[in-house]
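So the protein lines, in turn, are chains F and W. If you're matching positions, the first sequence starts at 517 in the working numbering and goes up one per residue. If you're matching positions, the second sequence starts at 446 in the working numbering and goes up one per residue.
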Amino acid sequence: MTGRSAYSCCFIVPPVVLAQLAEEGTAEDRTAAVNTLAASATLRAQRALVQELGLRGAALSKLGPPPGEKRTIYDMKSGGLSNLPGQKARGEGDPPSSDAAVNEAYDGADQTYDFYKEVLERTSLDDDGMELVSSVHYGKAYDNAFWNGRQMVYGDGSGRIIAAGSLTKDIAVIAHEMTHGVVQFTAGLRYSKQSGALNESFSDVVGSMVKQWVNKETASKADWLVGEGVLGAALLPGKALRSMKDPGKAFKFDNQPGHMDDYQDLPDDNDPNNDNGGVHINSGIPNRAFYLAATALKGCSWDRAGLVWYDTLANELRANSNFVDAAEATVESAKRLFKEDAEVAQAVEDAWRKVGVI
Amino acid sequence: MAEGRRHLKVTVTQSGGFVPVVTTTVADTEALAPKDGRRLREKVKQADLSSRTLRPGEPAYAITIEDDDATKVTLSESDLTDAHRDLIDFVGSVEGHEERIGPLGR
Numbered sequence: 517m518t519g520r521s522a523y524s525c526c527f528i529v530p531p532v533v534l535a536q537l538a539e540e541g542t543a544e545d546r547t548a549a550v551n552t553l554a555a556s557a558t559l560r561a562q563r564a565l566v567q568e569l570g571l572r573g574a575a576l577s578k579l580g581p582p583p584g585e586k587r588t589i590y591d592m593k594s595g596g597l598s599n600l601p602g603q604k605a606r607g608e609g610d611p612p613s614s615d616a617a618v619n620e621a622y623d624g625a626d627q628t629y630d631f632y633k634e635v636l637e638r639t640s641l642d643d644d645g646m647e648l649v650s651s652v653h654y655g656k657a658y659d660n661a662f663w664n665g666r667q668m669v670y671g672d673g674s675g676r677i678i679a680a681g682s683l684t685k686d687i688a689v690i691a692h693e694m695t696h697g698v699v700q701f702t703a704g705l706r707y708s709k710q711s712g713a714l715n716e717s718f719s720d721v722v723g724s725m726v727k728q729w730v731n732k733e734t735a736s737k738a739d740w741l742v743g744e745g746v747l748g749a750a751l752l753p754g755k756a757l758r759s760m761k762d763p764g765k766a767f768k769f770d771n772q773p774g775h776m777d778d779y780q781d782l783p784d785d786n787d788p789n790n791d792n793g794g795v796h797i798n799s800g801i802p803n804r805a806f807y808l809a810a811t812a813l814k815g816c817s818w819d820r821a822g823l824v825w826y827d828t829l830a831n832e833l834r835a836n837s838n839f840v841d842a843a844e845a846t847v848e849s850a851k852r853l854f855k856e857d858a859e860v861a862q863a864v865e866d867a868w869r870k871v872g873v874i
Numbered sequence: 446m447a448e449g450r451r452h453l454k455v456t457v458t459q460s461g462g463f464v465p466v467v468t469t470t471v472a473d474t475e476a477l478a479p480k481d482g483r484r485l486r487e488k489v490k491q492a493d494l495s496s497r498t499l500r501p502g503e504p505a506y507a508i509t510i511e512d513d514d515a516t517k518v519t520l521s522e523s524d525l526t527d528a529h530r531d532l533i534d535f536v537g538s539v540e541g542h543e544e545r546i547g548p549l550g551r
């Protein structure tokens, strides 16, 4: 299964156009253009070096990075975005740091990379070996984590909203943020209303699956929590930031619906209260659909339901896909991937029916 | 009324990123010590009060400035300058500020 790479598709574009896009394009265009310009510059430098040294054949491969995983963790030392990515704290193959957050981000990126590689046969976020860049200790007691279009960013938490030092401790959080990168390189689900809620949901689905895979849990034994142990004092009582099994019951202010009857139709109007049209709210509905499908199929979530959801993301959905599109695509994907096993498509269809999408 | 004593209220609303809550912090000169009120006015002057389209997935901020008029700007994490960050941090920490944390949406 191959995702669409923002790198490769832009190499035919002249540098002058890329530079203009990097300055004036949309956020998506800017990210792709900057990535491509950086990659092009590296290639040009390599070609010049090759010519100068007169190298040929096998020697060329030694100029690039070694094949496989490449993780780099940076320390922001409480700095803001203008300081990204920060000071390099640990690179691929380096010994552990004395800093717990650095090691947790490094190990979590590894587990997520391995899950994508071994279970979903995807090589890094772009399916082309993209370096996994993470910055920890972002901002001052910053109560959040996010994917900025190029890398993962983790705050330390103030203790009030997010428990201090907790965001890199839950593998589901790390896998969630990394999967925003995968979504960017595959379906490119627009971060607004239902397509945005699907963007959030796919990130939760993989976040939870990586946690289950690491813990070697079956779907029925898993807790289906995302952001377990990260709640600060103001968000208690609660267990996590999201429950895929019981949307709306994870923490004090959790108002995720688990059924279309409770769907919140919010505007995407640049108002932070409205959450890009409810992307973190309505994601509870497709989250629960995945939980229902995975538990109905028994065994481990990644064996069948996970393959169907990933195939749908990587090959079937588009930027403006909505919940019905996702439901229909997962059923078709189940029929295609499991031709001899009709139980899979039936379980997927039943799950979307139970949450009221179809 | 002298400019230094004019009423000024700054409200910062934040959501987005991984954490599904809305945090609202308010600093109102009527509830602040006079020297903190002056600092608040100075920090508002330093910040660029022009809105940007929010960037997908990043934490989002709405800063509302209420004095003679009301001005509301929306910014993503990537658009915050040091002056914005300084203002947001001050509104969320000055003695006499208010803070509300609540659910997204309605």
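In this text, a Cβ means the ideal position worked out from N, Cα and C, and glycines have one as well.
Simplified DSSP assignment, three categories, for residue i
{"i": "phenylalanine 854 of chain F", "result": "coil"}
{"i": "threonine 552 of chain F", "result": "Confidence is the limiting factor: at threonine 552 of chain F the pLDDT is only 37, short of 50, which leaves the residue's position unreliable, though a coordinate-based value still follows. Looking at threonine 552 of chain F - three-state DSSP - the assignment turns out to be helix."}
{"i": "glycine 573 of chain F", "result": "Bear in mind that the predicted position of glycine 573 of chain F carries a pLDDT of just 39, short of 50, making it too unreliable to give a figure here."}
{"i": "arginine 587 of chain F", "result": "strand"}
{"i": "lysine 546 of chain W", "result": "In the sequence as displayed, the identity of residue 546 of chain W is isoleucine instead of lysine. DSSP places isoleucine 546 of chain W in strand when its eight states are reduced to three."}
{"i": "glutamine 667 of chain F", "result": "coil"}
{"i": "aspartate 473 of chain W", "result": "strand"}
{"i": "histidine 696 of chain F", "result": "helix"}
{"i": "arginine 560 of chain F", "result": "Low confidence applies here, because arginine 560 of chain F scores a pLDDT of 37, under 50, leaving its location unreliable; read the following figure in that light. Residue state, collapsed to three classes: helix."}
{"i": "leucine 823 of chain F", "result": "helix"}
{"i": "valine 539 of chain W", "result": "coil"}
{"i": "alanine 867 of chain F", "result": "helix"}
{"i": "lysine 552 of chain W", "result": "Residue 552 of chain W is absent from the model: chain W starts at 446 and stops at 551."}
{"i": "arginine 551 of chain W", "result": "coil"}
{"i": "arginine 497 of chain F", "result": "With chain F represented from 517 up to 874, any question about residue 497 of chain F goes unanswered, as that position is not in the structure."}
{"i": "phenylalanine 767 of chain F", "result": "strand"}
{"i": "tyrosine 632 of chain F", "result": "helix"}
{"i": "threonine 734 of chain F", "result": "coil"}
{"i": "arginine 500 of chain W", "result": "coil"}
{"i": "alanine 835 of chain F", "result": "coil"}
Short Cβ contact (8 angstroms threshold) for residue i with residue j
{"i": "aspartate 493 of chain W", "j": "glutamate 540 of chain W", "result": "no"}
{"i": "alanine 617 of chain F", "j": "tyrosine 670 of chain F", "result": "yes"}
{"i": "histidine 653 of chain F", "j": "aspartate 672 of chain F", "result": "yes"}
{"i": "methionine 694 of chain F", "j": "aspartate 720 of chain F", "result": "no"}
{"i": "valine 699 of chain F", "j": "leucine 705 of chain F", "result": "yes"}
{"i": "valine 689 of chain F", "j": "glycine 743 of chain F", "result": "yes"}
{"i": "glycine 754 of chain F", "j": "alanine 766 of chain F", "result": "yes"}
{"i": "alanine 867 of chain F", "j": "alanine 812 of chain F", "result": "yes"}
{"i": "glycine 793 of chain F", "j": "proline 783 of chain F", "result": "yes"}
{"i": "threonine 469 of chain W", "j": "leucine 485 of chain W", "result": "no"}
{"i": "serine 724 of chain F", "j": "alanine 835 of chain F", "result": "no"}
{"i": "asparagine 771 of chain F", "j": "isoleucine 797 of chain F", "result": "yes"}
{"i": "leucine 648 of chain F", "j": "alanine 625 of chain F", "result": "yes"}
{"i": "isoleucine 533 of chain W", "j": "valine 457 of chain W", "result": "yes"}
{"i": "valine 553 of chain W", "j": "histidine 542 of chain W", "result": "Residue numbering for chain W in the displayed model covers 446 to 551; residue 553 of chain W lies beyond these limits and cannot be assessed."}
{"i": "alanine 810 of chain F", "j": "alanine 713 of chain F", "result": "no"}
Residues near residue i by beta carbon distance below 6 angstroms, same chain, minus five either side
{"i": "phenylalanine 631 of chain F", "result": "Val726 and Trp729"}
{"i": "serine 717 of chain F", "result": "Ser799, Pro802 and Asn803"}
{"i": "tyrosine 506 of chain W", "result": "Gln459 and Leu520"}
{"i": "glycine 607 of chain F", "result": "Thr588"}
{"i": "glycine 748 of chain F", "result": "Gly675, Arg676, Ile677, Ile678 and Ala679"}
{"i": "phenylalanine 535 of chain W", "result": "Lys488"}
{"i": "isoleucine 874 of chain F", "result": "Ala843 and Trp868"}
{"i": "glutamate 585 of chain F", "result": "Tyr629"}
{"i": "isoleucine 508 of chain W", "result": "Val457 and Val518"}
Close beta carbons around residue i, own chain, < 7 angstroms, minus the five adjacent residues each side
{"i": "threonine 846 of chain F", "result": "Val824, Trp825, Thr828 and Val864"}
{"i": "alanine 850 of chain F", "result": "Val824, Val860, Ala861 and Val864"}
{"i": "isoleucine 510 of chain W", "result": "Val455, Val489, Leu494 and Thr516"}
{"i": "arginine 451 of chain W", "result": "Asp512"}
{"i": "aspartate 857 of chain F", "result": "none"}
{"i": "phenylalanine 769 of chain F", "result": "Leu751"}
{"i": "tryptophan 663 of chain F", "result": "Glu693, His696 and Gly697"}
{"i": "glycine 573 of chain F", "result": "Unreliable placement is indicated for glycine 573 of chain F, whose pLDDT of 39 sits below 50; the coordinate value is still reported in the next sentence. Answer for glycine 573 of chain F: no residue qualifies."}
{"i": "proline 763 of chain F", "result": "Gln772, Pro773, Gly774, Gly800, Asn803 and Arg804"}
{"i": "serine 613 of chain F", "result": "Ala605, Arg606 and Asn619"}
For residue j and residue i, believed in contact at Cβ under 8 angstroms, the rounded distance
{"i": "alanine 657 of chain F", "j": "serine 674 of chain F", "result": "4 angstroms"}
{"i": "tyrosine 707 of chain F", "j": "glycine 550 of chain W", "result": "Contact doesn't hold; Cβ gap of about 16 angstroms is too wide."}
{"i": "glutamine 667 of chain F", "j": "serine 651 of chain F", "result": "6 angstroms"}
{"i": "asparagine 660 of chain F", "j": "proline 504 of chain W", "result": "5 angstroms"}
{"i": "aspartate 841 of chain F", "j": "leucine 853 of chain F", "result": "About 18 angstroms; that fails the 8 angstroms criterion."}
{"i": "glycine 602 of chain F", "j": "tyrosine 590 of chain F", "result": "4 angstroms"}
{"i": "valine 635 of chain F", "j": "glycine 822 of chain F", "result": "7 angstroms"}
Close-in-space but distant-in-sequence residues of the same chain around residue i (CB under 8 angstroms, 5 per side omitted)
{"i": "valine 871 of chain F", "result": "Gly774, His775, Met776, Ile801, Pro802, Arg804, Ala805 and Leu808"}
{"i": "alanine 561 of chain F", "result": "Low local confidence applies: a pLDDT of 39 at alanine 561 of chain F is under 50, so the model's placement there is unreliable, and no value is given."}
{"i": "valine 746 of chain F", "result": "Gly673, Ile678, Ala679, Ser682, Leu683, Lys685, Asp686, Val689, Ala756 and Leu757"}
Is the region 676-688 of chain F touching the region 463-480 of chain W in the sense that three or more CB pairs, one from each, lie closer than 8 angstroms? Cβ pair count under 8 angstroms is three or more, so yes.
Spell out a yes or no on whether the region 483-502 of chain W and the region 515-532 of chain W are touching, meaning 3 or more CB-CB pairs, one atom from each, closer than 8 angstroms. yes
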